[in-house]
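Written out below as structure tokens is the structure these notes cover.
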Amino acid sequence: MLPRNRLHRKLAVPRLSLPNFSLEGFRRKLASVDALPQLCVLGVVSGLVTGAVMVGFRLLLGLGGLLFMPEGNHEAFEGLSPMVRSSLPLIAVALIGIFLWRQPSAARKLGVAHVIERLTYHQGRFPLRNWINQWWVGVATVLGGLSAGREGPAIHLGAAAASGLGQQLRLPHNSLRVLVACGTAAGISASFNTPIAGVIFAMEVVMMEYTIAGFMPVILASTMGALMAILVYGSEPAIQVPSVSLGSLMNLPWIVITALFIGLLAGLFIHVARSERISSLPVVLRLALVALVTAAVAWWYPDVQGIGYDSLDASLAGNLTVDVLLALVIAKLLLTAITVASGIPIGIIGPVLVVGAAAGALADLVGAWLFPQLGVEPGFYAMLGMAAMMGAVLQAPLAALMALLELTHNPNIILPGMLAVVVSGLTTRQLCRCDGFFISVTRHGLHPLQQPLMQALSRISVPAVMERSFVTTPRMVTRDQARALLVAKPAWILILRSTGDKPTLALKAADLARALIDEQELEEITSEEALIDLLEVPGLRLEMAPIHLQATLSEAFERLNDQAVDALYVEQGRRPKHKRISGIITRGSIERYYSLK
7 MLPRNRLHRK
17 LAVPRLSLPN
27 FSLEGFRRKL
37 ASVDALPQLC
47 VLGVVSGLVT
57 GAVMVGFRLL
67 LGLGGLLFMP
77 EGNHEAFEGL
87 SPMVRSSLPL
97 IAVALIGIFL
107 WRQPSAARKL
117 GVAHVIERLT
127 YHQGRFPLRN
137 WINQWWVGVA
147 TVLGGLSAGR
157 EGPAIHLGAA
167 AASGLGQQLR
177 LPHNSLRVLV
187 ACGTAAGISA
197 SFNTPIAGVI
207 FAMEVVMMEY
217 TIAGFMPVIL
227 ASTMGALMAI
237 LVYGSEPAIQ
247 VPSVSLGSLM
257 NLPWIVITAL
267 FIGLLAGLFI
277 HVARSERISS
287 LPVVLRLALV
297 ALVTAAVAWW
307 YPDVQGIGYD
317 SLDASLAGNL
327 TVDVLLALVI
337 AKLLLTAITV
347 ASGIPIGIIG
357 PVLVVGAAAG
367 ALADLVGAWL
377 FPQLGVEPGF
387 YAMLGMAAMM
397 GAVLQAPLAA
407 LMALLELTHN
417 PNIILPGMLA
427 VVVSGLTTRQ
437 LCRCDGFFIS
447 VTRHGLHPLQ
457 QPLMQALSRI
467 SVPAVMERSF
477 VTTPRMVTRD
487 QARALLVAKP
497 AWILILRSTG
507 DKPTLALKAA
517 DLARALIDEQ
527 ELEEITSEEA
537 LIDLLEVPGL
547 RLEMAPIHLQ
557 ATLSEAFERL
567 NDQAVDALYV
577 EQGRRPKHKR
587 ISGIITRGSI
597 ERYYSLK
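Quick note: the sequence shown uses the numbering used here, first residue 7, plus one each step.
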């Protein structure tokens, strides 16, 4: 029989070494460019969050429809009396003017343009006040009968919610950027039940880049957003599209002409929306212009109010008269553009789709009159017009084509759709001299998100590149203290100009070691008190400025240029007295990273 202690050792179960799943380790993984599993986890979570937010926003619109709209449909402005439906824009604009224009101008920035701006200049961090404003302004513009969509608010609400999740977890800024794309894709997906179009829209319009590390989490987020919408609203798409086909190839020339017409309409829309004549008017005049013009048109043609999905369905079915189609093409286009130019934050994607479908339906009627032999089904040109208008206004051909494919579930529409989208997009860009709508609103010229250097540097945070081997020391040290600094073999010595200050200079540790070895140099730099002045040690010293641990390399690069320094010390922690230095990042390390990529 074994002794008790030997038996215990024989039967002892070895402890398993479990991997470290701490939040700090999760953040550290996310800082690098290859953190695909961690980003995919964030994609799933952000998609669920955004899907829930989008469902909540749609429920708010539905609740408003139940309160005062016929049959509880928030799009049924046609069922209201002319007096009531004309008064709604007056009330909506008054509410927006009273409650939104009393706030600072920064708090009035909402919608997709705000998302791109925050992604471009603020690394995807969103103010809470703007997010709260987007809820009630989005509901007020749609239920108030303005020509406005729900997709812009959905994208803002979703992107900000996903980013807010990352901010609460203090994730590095490169992952916040991915979360913004995830929220955008899930918002589009939950709105239209078009998950692929949501992914392409997020990458093409918002992120303006395509990467594997970006695609996979965004695909997961878009899937989760669509799943949340399906659980509440079913699997039917937001727009009911009939089954159509190209028929005769004789339609191709007329498709080109139709796309040219729609491209010109898109150019007109962008030019009016950017009109300085309207934007330079006093605020009261701008708001009054939107309210009165919308009310006047709504008296005769309520089809122009709200998002217009009911009118879009009627266009696709061929059930609208010529005068209503003209009202949608001309009046709704100009009303939406004037509202944007006046500074009222509205969603434009829904109205743009409605205008494009109406323009396509008009082209169908004209083509049938001029060329009876074309003989296509009702709705064919309306669908092409919808995709062509979206692609031309946003300069996002892939997103428009994917939306067309997912809405129709008909691959036969892709060939004519590609032709229409490309021709309309070229017309808007070349003949009308217009960039994409949201790029035009954000900044003229080449957008920062389109610059290859900034794209590459935004994909990684400073912890993945920074040098962690350093020591911090006062400027004056003894020989023994200097030798002690080198015991750990650091790469850098960060020098404090005075006690309690932040380090402002970095000295290579090799330079100090060389000075200690060279006795003659040491005598020259040693004072009477046998102290070494590290500012007098021969070697290269780098001026430094601080940067936060969550920052991306693009932020670090900009800070190096703004502060005119050659290195940054990386701070960790939020409270000023509790911040500690985690590493150092130099201009050379950023350049080496970019050259390797």
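Glycine residues also receive a C-beta, built at the ideal position from the N, C-alpha and C atoms.
As the structure is a prediction and not an experimental result, all values here were calculated from the model.
So, ARG547 versus LEU511, is the Cβ gap smaller than 8 Å?
yes
How should LEU72 be labelled, buried or exposed, when 16 other C-beta atoms within 10 angstroms of its C-beta is the threshold for buried?
exposed
Spatial distance of ASP524 from LEU540 (CA atoms)
15 Å
Determine, using beta carbons only, whether GLY193 and ALA160 come nearer to each other than 8 Å.
yes
Just verifying my parser: in three-state terms, what is the DSSP assignment at VAL493?
coil
Give a yes or no on contact between the stretch 133-146 and the stretch 156-171, applying the rule of three or more CB pairs nearer than 8 Å.
yes
Are there 16 or more other CB atoms within 10 angstroms of the CB of GLU77, so buried, or fewer, so exposed?
exposed
Out of TRP107, GLY204, ILE352, which one is the CA nearest neighbour of GLY189?
GLY204
Helix, strand or coil, according to DSSP, for VAL479 in the structure here?
Inspection of the sequence shows that residue 479 is occupied by Thr rather than by Val. Three-state DSSP puts THR479 in a strand.
Measure the alpha-carbon distance for HIS277 versus GLY314 and round it to whole angstroms.
22 Å
Measure from the alpha carbon of VAL4 to the alpha carbon of each residue in ALA337, ALA570, LEU380, ALA191, then state which is nearest.
Nothing can be reported for residue 4, as the shown portion of the chain is limited to 7 through 603.
Range of the contiguous alpha helix (DSSP H) that encloses LEU171:
157-174
So, ARG91 versus ALA304, is the Cβ gap smaller than 8 Å?
yes
The alpha helix (DSSP H) that contains MET550, what's its start and end?
Not the alpha helix (DSSP H): MET550 falls in the beta strand (DSSP E), residues 547-554.
Beta-bridge pairing of LEU206 - partner residues as DSSP gives them
Correcting the residue type first, residue 206 is Ile in the shown sequence and not Leu. Answer by DSSP bridge pairing: none, since ILE206 is not bridged.
Output needed for GLY349: all residues of its chain with C-beta closer than 8 Å, excluding positions within five of it in sequence on either side, in chain order.
ARG114, SER285, VAL289, ARG292
For the beta strand (DSSP E) containing LEU511, list its first residue and its last residue.
509-514
Taking the CB atoms as reference points, tell me whether ALA363 and LEU318 lie closer together than 8 Å.
yes
For the alpha helix (DSSP H) holding ARG44, just list the boundary residues, first then last.
Checking the sequence, you will find Gln at residue 44 rather than Arg. Where GLN44 is concerned, the enclosing alpha helix (DSSP H) stretches over 42-74.
So, HIS80 versus GLY312, is the Cβ gap smaller than 8 Å?
yes
Below 8 Å on the Cβ atoms is my contact criterion, and I expect GLY385 with ALA369 to pass it. Report the Cβ-Cβ distance as a whole number of Å.
The pair is not a contact, with the Cβ atoms about 12 Å apart (cut-off 8 Å).
The alpha helix (DSSP H) with TYR127 in it runs from where to where?
117-127
Would you call the stretch 173-187 and the stretch 371-381 in contact, with 3 or more CB pairs under 8 Å?
no
Could you check which residue in TYR239, GLU157, MET213, VAL399 has the C-alpha nearest to that of PHE275?
VAL399
Leaving out five residues before and five after ILE553 in sequence, what residues of the same chain have Cβ atoms less than 8 Å from its Cβ?
VAL468, GLU561, ALA562, ARG565, LEU574, TYR575, VAL576, GLU577, ILE591
ILE354 burial status per 10 Å Cβ neighbour count (16 or more: buried)
buried
Could you say which of ALA98, ALA279, ILE225 lies nearest to ALA294 if we only look at CA atoms?
ALA98
When PRO223, ILE466, ARG435 are compared against ILE202, the one with the closest alpha-carbon
PRO223
Please determine if the stretch 209-216 and the stretch 415-433 are in contact, where contact requires at least 3 C-beta pairs separated by less than 8 Å.
no
Start-to-end residues for the beta strand (DSSP E) that takes in ARG586
586-592
Residues of its chain near GLY594, where Cβ-Cβ distance is below 6 Å and the 5 sequence neighbours each way are ignored
none
Need the endpoints of the beta strand (DSSP E) that ALA573 sits in, please.
573-578
SER321: beta carbon under 7 Å from a heavy atom of the ligand MG?
Inclusion of the ligand MG in the displayed structure is not the case, the ligand content being empty and no account of it being possible.
Using the Cα positions of ASP486 and LEU522, report the straight-line distance between them to the nearest angstrom.
10 Å
Give the single residue among PRO43, GLU597, GLY57 whose Cα lies nearest to the Cα of TYR239.
GLY57
Going by beta-carbon coordinates alone, are ALA265 and SER38 separated by less than 8 Å?
no
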